[in-house]
Amino acid sequence: MATNQGFKSFIPNPRRLVPGYLYHWLRCNRSYIEGLGNGATFKEVSKAVVSRIEIPTPPVPEQRRIATILDHADALRVKRRVALAQLDEMAQAIFLEMFGDLHTNPRRWPVVPVSRYVEAFQGGKSLEADGEESGGRYRVLKISAVTGMFFKASESKPLSDIYVPPQTHFVRSGDLLFSRANTTELVGAIAYVDYAPANLLLPDKLWRFVWRSPTSVEPLFIWELFQTPAIREEIGRRATGTSGSMKNISQEKLLAMNTILPPLPLQKEFVKRLSAVRRVNENFLDSAKQLDTLFASLQHRAFNGEL
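Residue numbering for the sequence shown follows our numbering, beginning at 476 and increasing consecutively.
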């Protein structure tokens, strides 16, 4: 393997610098190194600048000890991320086991338009954010709040106190949110709102599912259904736009899209099994955050002579 002019290679003198120690120091000081770059749109750190970077070098045995501790902590973080990915696959596997591959619909479930169980999609308003990140009584969601298929209330921006939103624009716990506009890969991203702060608002590019009454679906079943390859592909085909960077799907096309509609008791059984996976997932996410915090603390202490 070779590098080109876009890379700067650090080649440690083994008598003075342990590679693993150098690796962790560079990761810990990434923002500092990025700040050394020149250029408006494409930043570059020159070889001369890299050569002047000063790296603290405790005795080699101490460097090895620090590298070993950080390697172990980082390995725990990697294992937790792998476990989270496997939990996502488990949810998909449960869906496939219960309902089959939607490309072929081997169980012969009834196929109905989305309008059979969705009355409408309710969106918010396109709003300019307040300049002060911490200001404003209300916050409006960004599209990134749903692009990971899990709801992130933190992906929001503050609004001016002058704006008074209508009640229909507030995000509510139990909402199922859908991204009507995004890149080809992410248009139609969907997320279930387990909990929503009272001051959170919908933007115009995120829709809330408004269910027909009496309801014939479980929201968490629809959440998983809309993540299946067959539905994602169909949404992609129905989305329009001249640029690959931003596609859009209309309510008319989405409501006319066909999906399976298994019996409600079977959907409830799926949600029961899915909820068990989600509880484990939440515990793993909390654990992953704690490991990230611990790792950051260990890095700080390691390179400040406190470890």
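Using N, Cα and C, we set each Cβ at its ideal position, and we do this for glycine too.
Short Cβ contact (8 Å threshold) for residue i with residue j
i: R655; j: I706; result: no
i: Q784; j: V668; result: With the chain covering only 476 through 782, there is no way to say anything about residue 784.
i: D650; j: R683; result: yes
i: L677; j: I665; result: no
i: L559; j: N756; result: yes
i: A763; j: R552; result: yes
i: A604; j: P633; result: yes
i: S720; j: T643; result: no
i: F770; j: D546; result: no
i: V589; j: M476; result: no
i: A620; j: P672; result: no
i: L457; j: I544; result: Because residue 457 is not part of the residues shown, which for the chain are 476 to 782, the question remains open.
i: V520; j: V593; result: no
i: P740; j: W584; result: no
i: T734; j: V587; result: yes
Range of the contiguous alpha helix (DSSP H) that encloses residue i
i: I508; result: 505-509
i: A758; result: Sequence check: residue 758 is Asn here, not Ala. That run of the alpha helix (DSSP H) goes 739-777.
i: K554; result: 535-574
i: L729; result: 726-731
i: A700; result: Here residue 700 is Leu; the residue named in the question, Ala, does not match the sequence. Per DSSP, L700 belongs to the alpha helix (DSSP H) from 694-700.
i: P823; result: Since the first residue of the chain shown is 476 and the last is 782, residue 823 is not available in this structure.
8 Å Cβ cutoff, residue i in contact with chain D
i: D546; result: Given the protein chain composition of this structure (a single chain), no chain D is represented.
Distance, residue j Cα to residue i Cα
i: C503; j: L492; result: 16 Å
i: R754; j: F517; result: 43 Å
i: L675; j: F596; result: 18 Å
i: S631; j: I541; result: 38 Å
i: M573; j: F745; result: 8 Å
i: Y638; j: R647; result: 19 Å
i: D761; j: S688; result: 36 Å
i: L602; j: D636; result: 12 Å
i: L562; j: V752; result: 7 Å
i: L782; j: Y507; result: 21 Å
i: R713; j: G514; result: 40 Å
i: A777; j: L700; result: 46 Å
i: K747; j: Q567; result: 14 Å
i: R527; j: Y670; result: 49 Å
i: V535; j: P489; result: 9 Å
i: L616; j: M624; result: 14 Å
i: K483; j: T532; result: 20 Å
i: L729; j: L577; result: 17 Å
i: L501; j: Q538; result: 14 Å
i: T579; j: H499; result: 49 Å
i: R505; j: R556; result: 22 Å
i: I618; j: F759; result: 25 Å
i: E529; j: G495; result: 17 Å
i: G510; j: H775; result: 19 Å
i: M565; j: P694; result: 19 Å
i: V524; j: I486; result: 16 Å
i: G780; j: T478; result: 33 Å
Per-residue burial, residue i [other beta carbons within 10 Å of its own, 16 or more giving buried]
i: K680; result: buried
i: F570; result: buried
i: E709; result: buried
i: I697; result: buried
i: K722; result: buried
i: T715; result: exposed
i: T424; result: Outside the modelled stretch of the chain, which goes from 476 to 782, sits residue 424, for which no answer is possible.
i: F795; result: The structure shown does not extend to residue 795, since the chain is modelled only from 476 to 782, so the question has no answer here.
i: V662; result: buried
i: G481; result: exposed
i: G598; result: buried
Enclosing beta strand (DSSP E) for residue i [first to last residue]
i: E594; result: 593-598
i: K522; result: Here K522 belongs to no beta strand (DSSP E); instead the alpha helix (DSSP H) covers 522-526.
i: K632; result: 631-633
i: L681; result: 681-686
i: A666; result: 665-667
i: R614; result: 614-616
i: K586; result: For the sequence presented, residue 586 should be read as Val rather than Lys. Unbroken beta strand (DSSP E) run through V586: 586-588.
i: S654; result: 651-654
The ligand PLP heavy atom lying under 7 Å from the CB of residue i
i: R552; result: Among the components modelled here there is no ligand, and therefore nothing to report on the ligand PLP.
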